[in-house]
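This report concerns only the one structure given below.
Protein chains: 2
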Amino acid sequence: MAEKKSEEFQGFGLDQHLCFAIYKANHAFNRFYKPVMKQLGITYPQYITLLALLEKDHQRVSELGERLFLESNTLTPLLKRLEEMGFIARERSKEDERQVIVSLTKEGRDLSDGVIDVQHCAFSNLNVPVETIGQLVEQLNDIQEMLTDAKEKVSG
Amino acid sequence: MAEKKSEEFQGFGLDQHLCFAIYKANHAFNRFYKPVMKQLGITYPQYITLLALLEKDHQRVSELGERLFLESNTLTPLLKRLEEMGFIARERSKEDERQVIVSLTKEGRDLSDGVIDVQHCAFSNLNVPVETIGQLVEQLNDIQEMLTDAKEKVSG
DNA sequence: TCAAACTAAATCGTACACGATTAATTCACG
DNA sequence: CGTGAATTAATCGTGTACGATTTAGTTTGA
Chain A
1 MAEKKSEEFQ GFGLDQHLCF AIYKANHAFN RFYKPVMKQL GITYPQYITL
51 LALLEKDHQR VSELGERLFL ESNTLTPLLK RLEEMGFIAR ERSKEDERQV
101 IVSLTKEGRD LSDGVIDVQH CAFSNLNVPV ETIGQLVEQL NDIQEMLTDA
151 KEKVSG
Chain S
1 MAEKKSEEFQ GFGLDQHLCF AIYKANHAFN RFYKPVMKQL GITYPQYITL
51 LALLEKDHQR VSELGERLFL ESNTLTPLLK RLEEMGFIAR ERSKEDERQV
101 IVSLTKEGRD LSDGVIDVQH CAFSNLNVPV ETIGQLVEQL NDIQEMLTDA
151 KEKVSG
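Chain order of the listed sequences is A and S.
Per UniProt numbering, the first sequence starts with residue 1, numbered consecutively.
Per UniProt numbering, the second sequence starts with residue 1, numbered consecutively.
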């Protein structure tokens, strides 16, 4: 079964792989953002998390997780760090004690301006028209959805 | 300085961010590949590393690092695991004892077919024409380069 | 010649990421 | 009601990532 496929794909070096292109671009964003984030005192995943909370405050851990494609095993420690730094508050829901509600503190909301500066900085460093970025975002989202769907079909 | 920018960008939710689209797509690839990789007994970064070695065998750690945008602090343990599993060999260069040469073993090369199956699997699950993928790869590479260059200008 | 500067990989500490499990709470159904 | 199933976070173990430092080896220049 693995015999003949080689011929179709053998020529594909690392650079022709979409997964590698995405891997590299992700790395590049990470590294680009890292020093800027450092000035804000947070990491890149923490930044993404705060963005999600700026968009919608008072989310449950699992709600945030759906948004960010993460689960409690990753989020819980990350959120604890954000809490320790005073950017968010975590409290168990009164209605359902299983749930933990995550909210921005005033300090967390105040980070917003810095966060927006970061976006502006990345934006202005990309010599790419806004429409192109929009298209790219759409294409990437399509691919992400296809992979997510395919994964459910193939494994579980 | 951070006052007025808010207006330009305030509307940008998480979903409009290129960095988030890339982050999501990367996640999706990771999760899609993970179960397939598991059958091969390796992780996704290990897979990428093996791909790089299939492309060019007998690389130095730092050479591999340039290719994969990783450094010895990440690569050394990863390579040690691949060595323990018998897929690669690590040996110090005779000419320069500081360098460690990484080579594929027979077992490592034999993984190639499985690796190619994985590519085929991902490929056939993406309802996207090859040309579109090629374009995407180029665009992502451009963005990666711009960010890498910008990073050098801005920070270090 | 030989110490200082340089280089390559390894090591260390912290922070994600995720599969698997656990603990606490709520729900559902007899 | 009450107990078992389901749900929600938290915890644990392993494997990336990466900044900073360390160790070992090489090159350079006075």
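The beta-carbon is built from N, C-alpha and C at its ideal position, and this holds for glycine as well.
*Would you report the Cα separation of A/I88 and A/L82, rounded to the nearest angstrom?*
On the first sequence, position 88 is the one that residue 88 of chain A refers to. On the first sequence, position 82 is the one that residue 82 of chain A refers to. Separation of A/I88 and A/L82 (C-alpha to C-alpha, rounded to the nearest whole angstrom) is 6 Å.
_Starting from A/L126, trace the alpha helix (DSSP H) in both directions and tell me its first and last residue._
Position 126 of the first sequence, counted from the first residue, corresponds to residue 126 of chain A. Taken as a continuous stretch (DSSP letters only), A/L126 belongs to no alpha helix (DSSP H), as it is neither H nor E.
*Indicate the three-state DSSP secondary structure (helix, strand or coil) for S/I101 in the structure shown.*
Sequence index remark: in the second sequence, residue 101 of chain S carries index 101 (1-based). Of the three classes helix, strand and coil, the one that applies to S/I101 here is strand, per DSSP.
*Would you mind sorting A/N127 into buried or exposed? The rule is 16 or more other CB atoms within 10 Å of its CB.*
Mapped onto the first sequence, residue 127 of chain A falls at position 127. With fewer than 16 Cβ atoms within 10 Å of its Cβ, A/N127 is classed as exposed.
*Does the beta-carbon of A/N26 have 16 or more other beta-carbons within 10 angstroms, so that it is buried, or is it exposed?*
Working through the first sequence from its first residue, we reach residue 26 of chain A at position 26. With 16 or more Cβ atoms within 10 Å of its Cβ, A/N26 is classed as buried.
*Determine the chain A residues that contact S/I22 at a beta-carbon separation under 7 Å, and present them in chain order.*
By 1-based counting over the second sequence, the position of residue 22 of chain S is 22. Per Cβ cutoff of 7 Å: I22, A25, N26, F29, L140.
_For A/L54 and A/K106, the rounded distance between their alpha carbons_ = Working through the first sequence from its first residue, we reach residue 106 of chain A at position 106. Working through the first sequence from its first residue, we reach residue 54 of chain A at position 54. A/K106 and A/L54: Cα-Cα distance of roughly 11 Å.
*Should A/M146 be flagged as near chain S, meaning a C-beta pair shorter than 8 Å?*
For the purposes of this step, residue 146 of chain A is taken as residue 146 along the first sequence, with counting starting at 1. A/M146 counts as touching chain S.
_Local Cβ density within 10 Å of S/N73, reported as buried at 16 or more and exposed below that_ = Translated into the one-based positions of the second sequence, residue 73 of chain S becomes position 73. With fewer than 16 other Cβ atoms within 10 Å, it is exposed.
*Starting from the Cα of S/Q46, find the closest Cα among S/S112, S/L18, S/E91 and give me that residue.*
Translated into positions along the second sequence, residue 46 of chain S becomes position 46. Minimum Cα distance to S/Q46 is reached at S/S112.
*Does the separation of the CB atoms of A/V102 and A/L51 fall below 8 Å?*
Taking the first residue of the first sequence as 1, we reach residue 102 of chain A at position 102. Taking the first residue of the first sequence as 1, we reach residue 51 of chain A at position 51. Contact: no.
*Under the three-state reduction of DSSP, which class applies to S/I22: helix, strand or coil?*
As a first step, residue 22 of chain S must be located in the second sequence, where it is residue number 22. S/I22 carries a helical assignment under DSSP once its states are collapsed to helix, strand and coil.
*Please check if any C-beta of chain A sits within less than 8 Å of the C-beta of S/V137.*
Reading the second sequence from its first residue, position 137 is the one you call residue 137 of chain S. Against chain A, the CB of S/V137 has a partner CB under 8 Å away; the residue lies at that interface.
*Anything in chain A within Cβ reach of S/N127, meaning under 8 Å, just list it in chain order.*
By one-based count along the second sequence, residue 127 of chain S stands at place 127. For the C-beta of S/N127, the chain A residues within less than 8 Å are, from N- to C-terminus, M146.
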